[in-house]
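Below: one structure, written as structure tokens.
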Amino acid sequence: MPEKGVEKEERQKHRFFIFFDVVFRKFMKFMQLNLMFLVFSLPYLLLLYWLSPINVTSLSGVSMSGIGEFVQSLPYEDAAAFELVLRLLFALGVVILWGAGPASAGCAYVMRNFSREEHAWVFSDFWDNMKSNFKQSIVVLLIDILILYLSLVAFNFYSHQYALSPNSMFLVAQGLLAFLLILYTFMHYYIYQIMVTYKVKLSVLYKNALLFAVAKFPQNIFFTVLSGGILLGLFVLLNVFAALAFVIVFTALCKFIIEFYTAEVIRKNTIQK
């Protein structure tokens, strides 16, 4: 019995190596999972692309911190093509960090099993958990759309008011809203993992996700920067070829970086299932 405990402890010490071992061993399965996730997320991706507040013309005119000069210096001469890339970045970023309703529920279950080094059938387990968590995940998705829309409206309102009357309170309001959105983003790292592991009410789901988001705030920042850095870095370095890379596998890998960590946090801090 003690040997088993020591073996388990040693395993937890090497989670870093387990991550890469899982990625390399199941790379083809990640490609399959990536394709399924994007296919079932496509309607939401198109909606996010349409809702994206990013406009190259307006960004080019921003003088703060040299943003306008930076945008103009990027290797895209065609403004329309560059705007397409920025909108795609926005849509992918929301889907990776916030999720996409039922598709995220199916993906979370498969990734949870991968992180535990347990077997998972990519298609059947994805489909079964997408169906079994459909109602709750749809509600989460609708709440996300509402919050995203209201946040964009609020940011535009505060920016417009500050331009009319440079009152620092508008900047404070924007800062507070940005912090709340960051916290809300961190909650999503746990929402779908809890959803596919336990059958709980929506209020309990959000409550527990908020507790984890606050308790693991520094770690959440780290994994957000890591996953977001890969997303942004590939588009900067590979330009249009990055879109193909994300269609093939990188959407799933960016998600797995976060899911691998959060699945273990939930396993260690809740009753195991």
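Heads up: take any position in the sequence shown, counting from 1, add 878, and you land on the working numbering. For each residue, glycine too, the CB sits at the ideal point set by N, CA and C.
Taking the Cβ atoms as the reference, A978 lies roughly 18 Å from S1029, outside the contact range of under 8 Å.
When only Cα atoms are considered, G1053 and L1088 end up about 19 Å apart.
About 7 Å separates the CB atoms of L1055 and F1033; that is less than 8 Å, so the two are in contact. With 16 or more other Cβ atoms from the protein chains shown falling within 10 Å of its own Cβ, T1140 counts as buried. Counting C-beta pairs closer than 8 Å gives fewer than three between the region 1033-1052 and the region 1123-1131, which falls short of the contact rule. Within 10 angstroms of the beta-carbon of W976 lie 16 or more other beta-carbons, which makes it buried. Considered as a whole, the region 995-1034 harbours 1000-1010 as its complete alpha helix (DSSP H) runs of no fewer than 4 residues, in chain order. Taking C-beta separations shorter than 6 Å and ignoring five residues to either side along the sequence, the partners of S982 in its chain run Y1070, following chain order. Contact between F1012 and P980 holds, with the beta-carbon distance rounding to 5 Å and staying under 8 Å.
The C-beta of F915 has 16 or more other C-beta atoms within 10 Å across all chains shown, which makes the residue buried.
Per DSSP, the unbroken alpha helix (DSSP H) holding W928 starts and ends at F905 to L929. Shown here, N991 sits in a helix according to DSSP, grouped into three states. Taking C-beta atoms under 8 Å as the contact rule, R893 and S930 fail to qualify, at a distance of about 35 Å.
By the 16-neighbour rule on beta-carbons within 10 angstroms, H1038 is exposed. With a 10 Å radius around the Cβ and a threshold of 16 neighbouring Cβ atoms, V973 comes out buried.
Between the region 1016-1027 and the region 985-1005 there are fewer than three C-beta pairs closer than 8 Å, too few to call the two in contact.
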